[in-house]
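For reference, the structure is listed below as structure tokens.
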Amino acid sequence: DFYDDEVVTNYISFCKTLALRLNDSVLQFFFDKHKCEFPLYTETVRFNAHDEILVRTHVRAIALNVFKMADSDMADFIRQYSGQFFGSLCWSLRDAYHSLDTEVTNMTKHLKVLSAPMRKRDNVDLPSPSLYKLTNLQQDQEDTLLYLNDLYDLQKAQVTAVLNDNFLYIFLLPFLATSFLSRPTRAGMVSRRTATFVLAQLFLTLSIEEVINDIARLVVGPADALLNVTLDSDAVSTQMPYLNGPPVPFLGTDSR
350 DFYDDEVVTN YISFCKTLAL RLNDSVLQFF FDKHKCEFPL YTETVRFNAH DEILVRTHVR
410 AIALNVFKMA DSDMADFIRQ YSGQFFGSLC WSLRDAYHSL DTEVTNMTKH LKVLSAPMRK
470 RDNVDLPSPS LYKLTNLQQD QEDTLLYLND LYDLQKAQVT AVLNDNFLYI FLLPFLATSF
530 LSRPTRAGMV SRRTATFVLA QLFLTLSIEE VINDIARLVV GPADALLNVT LDSDAVSTQM
590 PYLNGPPVPF LGTDSR
């Protein structure tokens, strides 16, 4: 019963144990190159959006160890199935930064009210800022960025190609670059203040020179050029299935 958090945790922990033991000798028992099937990966990444942070952490560890084994035989599998996982990561990063921006904005307004004369505080109804929530959101986005860096550090061409597409067309272009535009803030975007913070985090966390250079070119490039990018329809359907919206969290319906 995957509605039971304890069952899910034990199941994912067991799968992680198997994934940590993957090597060239045992890969054939988990990956069917003729059918392009890798159940250890496909059956666990469905839990990537689980509420429990331990489950999400184990799922990421499983995926990372699977991607470490990526070779020419796994090229088709990576193209078909990694996009779902990478898209989910990019959307979780967007959500974390958007929530972070909201909390910072609430805290700023709250501090302004507190610093105002007492007579001006009357009838002011503001959401209470949560330093605890702010800290958790910052830690969450830092963990995700470090994980993305680990994926890039694998230096697997098949993995990097799909990751780049999702990172560029889900996070960098429609979210970060758009937030820097001089027009009024759009729905789903963040303030320039938060966008600048995100940019600093990217430069501090990601260590792959090629990726850093791409981010720098996006930020200093013409704004209109960033908003008029055409996408290959095949790449969208296979490598970026979550281009237009985040995945629905897996609830275990198929496993009852």
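Those letters in the sequence shown? Residues 350 to 605, per the numbering used here, in order. Ideal placement from N, C-alpha and C gives every residue a C-beta, glycine not left out.
- Cβ neighbours of T543 within its own chain (closer than 6 Å, five residues either side excluded): D450.
- The Cβ-Cβ distance between F435 and N515 falls below 7 Å.
- For secondary structure counted as the alpha helix (DSSP H) over 4 or more consecutive residues, the stretch 474-540 holds these complete runs in sequence order: 480-502 and 506-515.
- The beta-bridge partner set that DSSP reports for D381 consists of E386.
- Your pair Q490 and L442 checks out as a contact, with CB atoms roughly 6 Å apart and the cut at 8 Å.
- Per DSSP, the unbroken alpha helix (DSSP H) holding Y360 starts and ends at D354 to A368.
- Approximately 11 Å separates the beta-carbon atoms of I411 and T391; this is outside 8 Å, ruling out the contact.
- For N397, the secondary structure class from DSSP, reduced to helix, strand or coil, is coil.
- Excluding sequence positions up to five before and after L369, its CB lies within less than 7 Å of the CB of N414, all in the same chain and listed in chain order.
- L567 is the residue among I519, L567, V375 and K382 whose C-alpha sits nearest the C-alpha of L548.
- Within the same chain, Q490, V539, T543 and V547 come within 7 Å of Y446 by CB-CB distance, once the 5 residues on both sides are set aside.
- When secondary structure is reduced to three states using DSSP, E392 falls in the coil class, being assigned neither helix nor strand.
- One thing to note: V511 has its Cβ no nearer than 7 Å to the Cβ of F416.
- Here F387 is buried. Its C-beta has 16 or more other C-beta atoms within 10 Å.
- When secondary structure is reduced to three states using DSSP, M423 falls in the helix class.
- For a cut-off of 8 Å, the C-beta gap from V404 to T358 is around 6 Å, short enough to register as a contact.
- By the neighbour-count definition (other C-beta atoms within 10 Å, threshold 16), S421 is an exposed residue.
- In this structure, DSSP gives V560 a helical state, which the three-state scheme calls helix.
- With respect to M418, L389 sits apart: the two C-beta atoms are not nearer than 7 Å.
- The C-beta separation of T554 from L494 comes to about 4 Å, placing the pair in contact by the 8 Å criterion.
- Our two residues, F380 and D425, have alpha carbons roughly 12 Å apart in a direct line.
- According to the DSSP assignment, F351 belongs to no alpha helix (DSSP H), since it is labelled neither H nor E.
- Sorting I402, V453 and I564 by C-alpha distance to the C-alpha of F520 places I564 at the top.
- Burial of L525 is indicated by the presence of at least 16 other C-beta atoms within 10 angstroms of its C-beta.
- Bounds of the alpha helix (DSSP H) holding L403 are I402 to K417.
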